[in-house]
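Have a look at the structure below, then the notes.
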Amino acid sequence: MPIADSDGTSIYYERHGSGPAILFVHGSGGHHAAWWQQVAALREEFTVITVDLRGFGKSDSSMPEFDGQDFPGDVVAVLDQEDLTDAMLVGQSIGSVAALRAGLLRPERVGSVVLGHSLGGISHPELKELAAADRAEAVKLPVIDRLLTKRFQQGRADLTFLFRQMGTFNVARMQDLRNLDTNGPSLDDIRASGVKVAFLAGEKDAVLSVKTVTRAHELLPGSHLEIVPDAPHSMYWETPAEYNAAVAHLRRTLTAPKEAA
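Just so we're aligned: the sequence shown equals residues 1327 to 1587 in our numbering.
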């Protein structure tokens, strides 16, 4: 059972397959097993690494409270233990914030970061205003309707039930991750790191609009933008084939221009 040490905290992770590395960072209701549809589809071509942030899944959850500022270090601990040098970090929702910060902490280990359904906590006044307006609309909906389409909920009651059950294995909750947004990186910080950034969005995302994600892409020269038609916020779960194809495409094509030694 692979365990990484994150400043004394035991972080559970799994490694599957071989090839260029993709490390997935879950969102507030996930853990390593939430990526079952990605591991099965991608492990033949890529090394697929899934991780449980502290308080989630099989990682240490014994602390009395959780600080989102510690989550990037959990990802870094796995990167260091596996001695990765060109990983692509893929975040889901607020897990993208931890992924981006981890990439900026270890640019020598991370070639690219994919911000799935998230702006990654980037500190920029216009983007913060746009994201806040999106959230104000999202909170008018039941939580499940923010994450999965009505069509999917009605047509796949089995997978909708399993989706809800995933979060019951976690001790940490959404509020434990929100602190990640404090003192986020600037656009200049990202550019200076040499880490490539891609925004991965769903056309029907009820949490973060395509308009907002597109604006973030415009403000970050050199970034990539992938918009998947008809996909919701939890694209990885509801439309895995399209999600996996987008991730695979990004892993095959994204490389970071590293400075010559």
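By construction, the Cβ of each residue, glycine as well, lies at the ideal position given by its N, Cα and C atoms.
Note that this is a predicted model, so its numbers are computed, not measured.
- When DSSP states are grouped into helix, strand and coil, T1579 belongs to the helix group.
- With respect to the 8 Å criterion, L1405 and P1511 are not classified as neighbours on the basis of their beta carbons.
- According to the DSSP secondary-structure assignment, D1331 is paired through a beta bridge with S1336.
- K1530 is the residue among K1530, L1488, F1495 whose C-alpha sits nearest the C-alpha of K1476.
- With fewer than 16 other CB atoms across the displayed protein chains lying within 10 angstroms of its CB, R1578 is exposed.
- Within the model, the alpha-carbon separation for L1431 versus V1402 is close to 8 Å.
- With contacts defined as CB atoms closer than 8 Å, I1337 and I1329 qualify as a contacting pair.
- Within the stretch 1450 to 1505, the alpha helix (DSSP H) runs of at least 4 residues that lie entirely inside it are, in chain order, 1451 to 1464, 1469 to 1473, 1476 to 1481, 1483 to 1492, 1500 to 1504.
- Its Cα nearest to that of G1353, the residue G1417 stands out among S1535, V1573, N1509, G1417.
- When C-alpha distances from S1388 are compared across R1380, L1445, L1368, the shortest belongs to R1380.
- DSSP places F1397 in the helix class (H, G or I) of the three-state scheme.
- The residue from R1341, V1365, A1464 with its alpha-carbon nearest to that of A1567 is V1365.
- A distance below 6 Å between beta-carbons, with the five flanking residues on each side excluded, links D1386 to the following residues of its chain, in chain order: T1335, S1336, R1380.
- Take the alpha-carbon of N1505 and the one of D1556: they are about 31 Å apart.
- Residues of the same chain with a CB within less than 6 Å of the CB of A1367, apart from the 5 flanking positions on each side, are N1570 in chain order.
- The three-state secondary structure of V1533, taken from DSSP, is coil.
- Straight-line spacing of the CA atoms in G1356 and N1496 works out to 8 Å.
- DSSP places L1368 inside the alpha helix (DSSP H), whose first and last residues are 1362 to 1368.
- Sorting A1413, A1424, A1359, A1518 by C-alpha distance to the C-alpha of D1400 places A1424 at the top.
- Excluding five sequence positions before and after G1345, the CB atoms of its chain that fall closer than 6 Å to its own CB belong to E1371, F1372, T1373, given in chain order.
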